[in-house]
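Reviewing the structure listed below.
2 protein chains.
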Amino acid sequence: MHRAAASSICTVLALGAAPGLVGQAAAAEPAARDKPPISAEVLESAQPSDWRRPDPANTLYLDLPAGRVIIELAPRFAPEHVANIKAMVREKFFDGLPIGRVQDNYVTQWGDMDEIRKSEAAKRQLPGETAIAWSPSLPIVKLPDADGYAAQTGWLDGFPIGVEPTPPAQVWMTHCYGIVGVGRNDWPDNGSGSELYAVIGQAPRHLDRNIVLVGRVIRGMELLSSLPRGSGALGFYTVDEKSRRTLIRSARLAGEVPAAERTNLEILRTDTPLFTRYVEARRNRHESWFVRPAGHIDVCNLAIPVRDIPR
Amino acid sequence: MHRAAASSICTVLALGAAPGLVGQAAAAEPAARDKPPISAEVLESAQPSDWRRPDPANTLYLDLPAGRVIIELAPRFAPEHVANIKAMVREKFFDGLPIGRVQDNYVTQWGDMDEIRKSEAAKRQLPGETAIAWSPSLPIVKLPDADGYAAQTGWLDGFPIGVEPTPPAQVWMTHCYGIVGVGRNDWPDNGSGSELYAVIGQAPRHLDRNIVLVGRVIRGMELLSSLPRGSGALGFYTVDEKSRRTLIRSARLAGEVPAAERTNLEILRTDTPLFTRYVEARRNRHESWFVRPAGHIDVCNLAIPVRDIPR
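Here the protein sequences line up with chains A and B, keeping their order.
Per this note's numbering: the first sequence ends with 686, consecutive numbering throughout.
Per this note's numbering: the second sequence ends with 686, consecutive numbering throughout.
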């Protein structure tokens with residue numbers, strides 16, 4: 376809600392935007408060096424080792440007519456569902472299937488909505504991978520801030536998580552904006568992966584541990600979030616709205632497309648001292664626009680920076 | 376992430392949808408009466424007095440080519456800003472102005488983005504109405520669930536709030552999905568109301584008490600949230616993207632349009648025992664789809680039901 380007229384000031388608030396402007400401001404105001412850094416300054420100070428490249432074998436390209444949605448899959452959290460999705464992708468299972476549900480402030484869902492396809496490679500029955508066992512040896516990055524839905528929150532493998540160290544001692548991905556899950560009918564059906572959804576609104580954390588999550592959109596969320604909403608129950612497009620459906624051109628693993636067709640991205644690592652400083656800069660905002668730092672940050676309010684890397 | 380095939384089951388999860396189906400399920404399963412009610416059942420049991428009609432003098436119609444966005448203004452929270460906005464609306468200030476900023480997972484912003492208009496009636500300087508004084512006599516409905524950003528949360532006049540009963544003893548609207556605020560430059564400029572924004576993503580609660588909030592979208596959010604994102608800094612449309620801007624046909628107060636042109640809505644009251652039951656049904660979901668109730672609800676995860684009323 377910065378006003379347009381203030382764009383020269385405001386750009387420093389955009390993730391990674393206009394580092395030159397930040398530098399100029401710092402140079403013009405040497406006394407300001409005593410202030411805590413803002414997040415753009417923290418990012419500017421990142422070393423190459425503070426970034427990671429997602430594994431091409433677990434990076435899914437969902438190519439739509441309007442562009443590419445890139446999903447980082449999370450095999451640690453749902454190994455069998457991720458394996459199933461990858462098996463279907465190799466069969467070109469998703470090619471030509473629709474985005475058939477867009478429910479405002481909730482989810483965009485795509486895949487075999489009409490149950491017209493059959494995968495040869497995918498399993499029909501999978502375990503209910505809604506959480507993994509907690510262990511003190513898991514490389515969990517804790518967020519110290521209190522959370523209402525989980526005893527603890529933080530990150531694991533770069534994905535936002537809830538943690539319950541006491542029995543049942545579980546770790547699970549949290550339903551933040553951009554998280555990708557597996558559509559299902561009533562339990563114990565937990566879905567095969569033939570229908571997937573991404574969160575496009577306020578984090579529906581009440582779904583945590585109720586459904587299998589398989590990854591996170593790291594690029595192209597706007598292609599899923601700006602689609603016309605369906606007017607049927609739960610945001611499904613009605614029969615009359617079939618023409619509003621977006622059809623998936625292709626779904627491919629990054630590792631299986633030619634190098635020239637890949638989108639080469641880096642994601643800020645969450646297991647570094649720099650990330651801790653980044654979180655603090657987002658928890659307490661000291662950009663000139665702000666008058667009151669929040670003193671708190673929710674795990675779903677921390678968008679993890681992603682950037683292009685040169686080919 | 377219900378699958379499409381399960382739509383007969385899933386409809387009960389939609390707010391206020393298909394009450395007939397809920398009734399049938401209850402009739403078929405008399406033993407289920409011992410289970411806590413689900414939110415659709417709570418809504419079904421609502422009496423006329425559990426609903427309220429927004430004040431036409433504080434209901435703003437933002438008519439876009441694609442339809443009507445309806446905003447309930449909140450004069451208690453920002454009386455001078457609301458008065459300013461209403462003064463501008465009476466001047467037809469917003470008619471023809473653009474939606475000039477759509478930042479994914481953040482805000483949609485409209486109004487005098489190009490600073491081409493001048494209001495005769497509106498004040499240029501207003502007090503910084505980011506919070507009101509807390510008082511024990513305020514008719515606050517408390518949400519008992521813990522919150523990281525505020526000592527307490529709840530509702531006041533039907534708007535979601537944060538509460539700090541200790542000094543500085545304040546109450547403020549929380550930045551939930553659909554909340555409407557006033558664009559500003561750097562403080563102490565707090566904006567005149569000539570540019571407004573609505574939250575279209577994860578609740579940016581770090582903005583609470585940093586900016587003036589004036590109301591909430593009660594109908595038509597999808598018209599703001601499904602717009603193409605701007606590719607400029609902070610989601611502003613670039614010069615090349617001016618053609619993507621949506622132009623506001625008109626902005627009018629409901630009380631000032633002919634009765635036949637009004638959209639007649641009712642909003643579920645938040646200050647009733649029924650609402651408390653509704654919150655509990657959303658805090659712990661017992662619909663058949665769920666396997667694990669959350670045991671918690673965030674003030675921004677509680678969408679307050681709105682329904683059409685017959686003319």
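Glycine included, C-beta positions come from ideal geometry on N, C-alpha and C.
Bear in mind that the values here come from a model prediction, so they are computed numbers and not experimental data.
Check, Outcome
"Roughly how many angstroms separate the alpha carbons of methionine 488 of chain B and valine 555 of chain B, rounded to a whole number?", "16 Å"
"Hey, is histidine 671 of chain B's beta-carbon within less than 8 Å of any beta-carbon in chain A?", "yes"
"CB proline 514 of chain A to CB aspartate 646 of chain A, shorter than 8 Å?", "yes"
"Is serine 424 of chain A buried or exposed, if buried means 16 or more other CB atoms sit within 10 Å of its CB?", "exposed"
"Measuring alpha carbon to alpha carbon, tell me which residue in A/Leu598, A/Ala626, A/Gly607 is nearest glutamine 478 of chain B.", "A/Leu598"
"For proline 535 of chain B, which of B/Phe469, B/Gly590, B/Gly610, B/Ser569 has the nearest alpha-carbon?", "B/Gly590"
"Looking at chain B, which residues of the segment 650–662 of chain A have a Cβ within less than 7 Å of any of its Cβ atoms?", "Arg660"
"Going along chain A, which residues have a C-beta under 7 Å from valine 666 of chain B?", "Trp562, Asn585"
"Counting only Cβ-Cβ distances shorter than 7 Å, please list the residues of the segment 586–614 of chain B near chain A, keeping chain order.", "Ile586, Met596, Glu597, Ser600, Ser601, Leu602, Pro603, Arg604, Ala608, Leu609, Phe611"
"Does DSSP classify alanine 626 of chain A as helix, strand or coil?", "strand"
"Identify whether tyrosine 524 of chain A lies in helix, strand or coil by the three-state DSSP scheme.", "coil"
"If we ignore side chains and look at the alpha-carbon of each, how far apart do proline 685 of chain B and asparagine 639 of chain B end up?", "7 Å"
"Would you mind giving the Cβ-Cβ distance between threonine 347 of chain A and isoleucine 474 of chain A, rounded to the nearest angstrom? I have them listed as a contact below 8 Å.", "This structure cannot settle anything about residue 347 of chain A, because the visible part of chain A is limited to 376 through 686."
"Alpha helix (DSSP H) containing lysine 461 of chain A: first to last residue?", "454–465"
"Looking at the unbroken alpha helix (DSSP H) that takes in glutamate 419 of chain B, where does it start and where does it end?", "414–419"
"Using a Cβ cut-off of 7 Å, which residues of the segment 434–460 of chain A contact any Cβ in chain B, in chain order?", "none"
"Under 8 Å, Cβ to Cβ, is there at least one residue of chain A near glycine 558 of chain B?", "yes"
"Taking the beta carbon of serine 618 of chain A as the centre, do at least 16 other beta carbons fall within 10 Å, making it buried, or is it exposed?", "exposed"
"Measuring straight from C-alpha to C-alpha, what distance separates proline 680 of chain B and leucine 643 of chain B?", "6 Å"
"Does the segment 552–566 of chain A come close enough to the segment 499–517 of chain A to have 3 or more Cβ pairs within less than 8 Å?", "yes"
"For the 8 Å Cβ check, are there 3 or more pairs between the segment 525–532 of chain A and the segment 428–442 of chain A?", "no"
"Measuring CB atoms only, is the segment 572–581 of chain A touching the segment 464–474 of chain A, in the sense that at least three cross pairs come out at less than 8 Å?", "no"
"Given this structure, state the Cα-to-Cα distance separating threonine 541 of chain A from tryptophan 509 of chain A, to the nearest angstrom.", "9 Å"
"Report the option in A/Gly537, A/Leu531, A/Leu649, A/Asp532 whose CA atom is closest to the CA atom of histidine 550 of chain A.", "A/Gly537"
"Leaving out five residues on either side along the sequence, give the residues of the same chain with a beta carbon under 6 Å from the beta carbon of valine 516 of chain A.", "Gly529, Trp530, Thr645, Asp646"
"Excluding the five sequence neighbours on either side, which residues of its own chain have a C-beta within less than 8 Å of the C-beta of glycine 605 of chain B, listed in chain order?", "Gly475, Arg476, Val477, Gln478, Phe611, Tyr612, Thr613, Glu616, Arg619"
"Using C-beta distances below 6 Å, list every residue in its chain close to alanine 453 of chain A, excluding the 5 sequence neighbours before and after it, in chain order.", "Glu504, Val587, Val589"
"Can you tell me which of the three DSSP states glycine 529 of chain B falls into?", "strand"
"Tell me whether valine 654 of chain A sits in a helix, a strand or coil according to DSSP, three-state version.", "helix"
"Considering glutamate 570 of chain B, what are the terminal residues of the alpha helix (DSSP H) in which it resides?", "First-last for glutamate 570 of chain B: 570–574, but that is the beta strand (DSSP E), not the alpha helix (DSSP H)."
"Are the beta-carbon atoms belonging to leucine 677 of chain B and arginine 657 of chain B less than 8 Å from one another?", "yes"
"Name the one or two DSSP bridge partners that phenylalanine 534 of chain A has.", "A/Leu531"
"State the CB to CB distance for the pair alanine 462 of chain A and alanine 497 of chain A, rounded to an integer number of angstroms; the pair is presumed to be in contact (CB under 8 Å).", "5 Å"
"DSSP on glutamate 616 of chain B, reduced to helix/strand/coil?", "helix"
"To the nearest angstrom, how far is it from the Cα of glutamate 495 of chain A to the Cα of arginine 624 of chain A?", "21 Å"
"Buried or exposed: glutamine 577 of chain B, going by 16 or more other Cβ atoms within 10 Å of its Cβ?", "buried"
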